[in-house]
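The structure appears below as structure tokens.
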Amino acid sequence: MDVMFYEAFQEEVAALKLFLPKDVDAGFTEKTIQESEDRDPPAGLISIRTQSVIPVEWSTKMSGVLTRSTGYDHIVAYREKIKAPVLAGYLPRYCSRAVAEHVVLMMMSLLRRFKEQISHFGAFNRNGITGEECFGKNLLVVGVGHIGGQVADIGKGLRMNVRGVDIAHKNIELEYTS
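Note that my numbering has the sequence shown beginning at 128, numbered continuously upward.
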């Protein structure tokens, strides 16, 4: 096998199979490495998300690891633990917009009192569930990287008052504060 994809969801497997070259022998599982109980890497290249813990003893048995995530702290920690130069990669812009949209969705569910709305649904009690509009509200984005920048962009689209906090002021269209 050429590559093993751990933590692969059904939709992701379908997309990977569509885009992988036909001559690449790939394996897929929705399990993490530890859930799979694999004693050795089933392929030279391992691809994970953020929940798999790569066994230290795999370091000499694989050619590389790719994390299908924006974050890569878990890969840095692994490389420091094994003290060896395993080839590693990550996807710096992987799903940044989707994650940002999810963040805003959670914000909106709080603003609109979604939990209260659900609890009142059965009795059709409409008291105390109105919530608030986001227009004109203040949105502080702490960490204006790939995901935070997208959150700021969505907030601006919703006509919120958006400010950012970050060490690096890379987004020229955003007002920063400290």
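C-beta atoms are modelled at their ideal positions from N, C-alpha and C, and glycine is treated no differently.
Which of the three DSSP states is assigned to L193 in this structure? One-based indexing of the sequence shown puts residue 193 at position 66. L193: strand per DSSP, three-state reduction.
If we ignore side chains and look at the alpha-carbon of each, how far apart do K188 and D293 end up? As a working mapping, residue 188 is identified with position 61 in the sequence shown. As a working mapping, residue 293 is identified with position 166 in the sequence shown. Going by the C-alpha atoms only, they are around 40 Å apart.
Select from N252, N265, G275 and P182 the residue whose C-alpha is nearest the C-alpha of T159. Residue numbering aside, residue 159 sits at position 32 when the sequence shown is read from its first letter. Distances from the CA of T159 to each of N252, N265, G275 and P182 were compared; the closest alpha carbon is that of P182.
Exposed unless 16 or more other CB atoms sit within 10 angstroms - verdict on H201: Within the sequence shown, numbered from 1, the residue matching residue 201 stands at position 74. Buried, because 16 or more other Cβ atoms sit within 10 Å of the Cβ of H201.
With burial defined as no fewer than 16 other Cβ atoms inside 10 Å of the residue's Cβ, what is the status of P219: buried or exposed? In the sequence shown, residue 219 corresponds to position 92, counting from 1. It counts as exposed.
I need the straight-line Cα distance from A225 to A204, nearest angstrom please. Residue mapping note: residue 225 aligns to position 98 of the sequence shown, counting from 1. Residue mapping note: residue 204 aligns to position 77 of the sequence shown, counting from 1. A225 and A204: Cα-Cα distance of roughly 26 Å.
Cutoff 8 Å; reference D280; Cβ partners in own chain excluding five residues on either side: Position 153 of the sequence shown, counting from 1, holds the residue named residue 280. A227, listed in sequence order.
Considering only the beta carbon of each residue, do R195 and Y221 sit closer than 8 Å? By 1-based counting over the sequence shown, the position of residue 195 is 68. By 1-based counting over the sequence shown, the position of residue 221 is 94. Cβ distance < 8 Å, so R195 and Y221 count as in contact.
Express the C-alpha separation of Q244 and T197 in angstroms, rounding to a whole number. Residue numbering aside, residue 197 sits at position 70 when the sequence shown is read from its first letter. Residue numbering aside, residue 244 sits at position 117 when the sequence shown is read from its first letter. When rounded, the distance between both Cα atoms is 34 Å.
Measure from the alpha carbon of L193 to the alpha carbon of each residue in E157, T304, Y133 and D152, then state which is nearest. On the sequence shown, residue 193 is found 66 positions in, with the first residue counted as 1. Of the candidates E157, T304, Y133 and D152, the residue whose Cα lies closest to the Cα of L193 is Y133.
What does the alpha-carbon distance come out to for the pair R206 and P212? Walking along the sequence shown from the start, residue 206 turns up at place 79. Walking along the sequence shown from the start, residue 212 turns up at place 85. Rounded to whole angstroms, R206 to P212 spans 7 Å at the Cα level.
Relative to the alpha-carbon of F155, which residue among E184, K149, I175 and Q161 has its alpha-carbon at the smallest distance? As a working mapping, residue 155 is identified with position 28 in the sequence shown. Checking every option, the nearest Cα to that of F155 belongs to I175.
Since S186 is in the beta strand (DSSP E), which residue starts that stretch and which ends it? Position 59 of the sequence shown, counting from 1, holds the residue named residue 186. Element bounds for S186: n/a, residue is neither H nor E.
Under 6 Å Cβ to Cβ from N288, same chain only, skipping five residues before and after it: list those, please. Within the sequence shown, numbered from 1, the residue matching residue 288 stands at position 161. These residues qualify, in order along the chain: N265.
Candidates A170, S163 and E164, of which the one nearest L153 by Cα: Counting from one through the sequence shown, the residue named residue 153 turns up at place 26. Inspection of the sequence shows that residue 153 is occupied by Ala rather than by Leu. Looking only at A170, S163 and E164, the smallest Cα-Cα distance to A153 is reached by A170.
I think R290 touches E302, with their Cβ atoms under 8 Å apart; what is that distance to the nearest whole Å? Reading the sequence shown from its first residue, position 163 is the one you call residue 290. Reading the sequence shown from its first residue, position 175 is the one you call residue 302. R290 to E302, Cβ: 5 Å. Contact.
Boundaries (first-last residue) of the alpha helix (DSSP H) holding S236: Taking the sequence shown and counting its residues from 1, one reaches residue 236 at position 109. Segment S223 to L238, the alpha helix (DSSP H) holding S236.
From G255 to L237, what does the alpha carbon distance come to, in whole angstroms? Reading the sequence shown from its first residue, position 128 is the one you call residue 255. Reading the sequence shown from its first residue, position 110 is the one you call residue 237. Those two C-alpha atoms are separated by around 13 Å.
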